[in-house]
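See structure below.
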Amino acid sequence: MTVPSWPSSLPQMFLRDGYSEEGADNLIASNVSVGPAKVRRRTTANVRPITGSMMMNETQYQAFIDFVADDLKDRAIAFSFPDPHGGSPLLVRMRQAASVAAVGIDWRVQIGLEVLP
């Protein structure tokens with residue numbers, strides 16, 4: 001199966017305003033009877049959450065809705081997304097439904113992704 005790619009007709013970068021990344025929480029700690037807790041990695045690979053917003057016009061917003069519904073099967077499928085730092089495309093999955101707010105005649109679409117290993 002081919003991995004869907006973020007459509008070229010949509011914005012290729014998040015706005016800097018509101019962009020955030022979180023480090024992967026990949027540690028597990030076990031309490032011991034004496035001394036500091038034992039800490040180890042939970043897995044060898046973990047997801048890394050990123051969140052950002054994009055401004056879209058009406059045509060782009062409708063293309064985004066179609067991409068999520070048709071290509072991603074309502075967010076069930078991972079897809080290739082441009083790296084916010086300019087590197088190779090990332091394999092990501094949408095964490096939750098996008099939140100959308102009207103800004104004049106455009107739409108501000110906030111997207112929560114998890115970068116997959």
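Just so you know, the UniProt record's numbering puts the end of the sequence shown at 117, numbered straight through with nothing missing. The beta carbon of each residue, even a glycine, is placed where N, CA and C say it ideally should be.
Closer than 8 Å by C-beta to residue i: which residues in its own chain qualify, once you throw out the five before and the five after it? Chain order, please.
{"i": "residue 72", "result": "4, 79, 94"}
{"i": "residue 68", "result": "74, 75, 94, 98"}
Exposed or buried, residue i, counting other C-beta atoms within 10 Å across all chains shown (16 or more means buried)?
{"i": "residue 32", "result": "exposed"}
{"i": "residue 28", "result": "exposed"}
{"i": "residue 126", "result": "Residue 126 lies beyond the stretch modelled for the chain, which goes from 1 to 117, so this question has no answer here."}
For residue i, which residues in the same chain have their Cβ closer than 6 Å to its Cβ, ignoring the five residues on either side in sequence?
{"i": "residue 24", "result": "46, 48"}
{"i": "residue 60", "result": "10"}
{"i": "residue 109", "result": "54, 56, 98, 100"}
Across which residues does DSSP place residue i in a beta bridge pair?
{"i": "residue 110", "result": "53, 99"}
{"i": "residue 30", "result": "38"}
For residue i and residue j, which I take to be in contact (beta-carbon distance under 8 Å), what is that distance rounded to the nearest angstrom?
{"i": "residue 129", "j": "residue 96", "result": "Since the first and last residues shown for the chain are 1 and 117, residue 129 lies out of range."}
Is the region 2–13 touching the region 76–96, taking contact as three or more C-beta pairs under 8 Å? In the pairwise beta carbon analysis, the region 2–13 is classified as touching the region 76–96: at least three pairs are separated by under 8 Å.
Pairs of beta-carbons, one from the region 81–93 and one from the region 7–16, closer than 8 Å: are there three or more? Touching, yes, given that three or more Cβ pairs across the two stretches are closer than 8 Å.
Taking contact to mean 3 or more Cβ pairs, one atom from each stretch, closer than 8 Å, check whether the region 14–29 and the region 48–57 are in contact. Yes, since at least three Cβ pairs between the region 14–29 and the region 48–57 fall closer than 8 Å, the two stretches touch.
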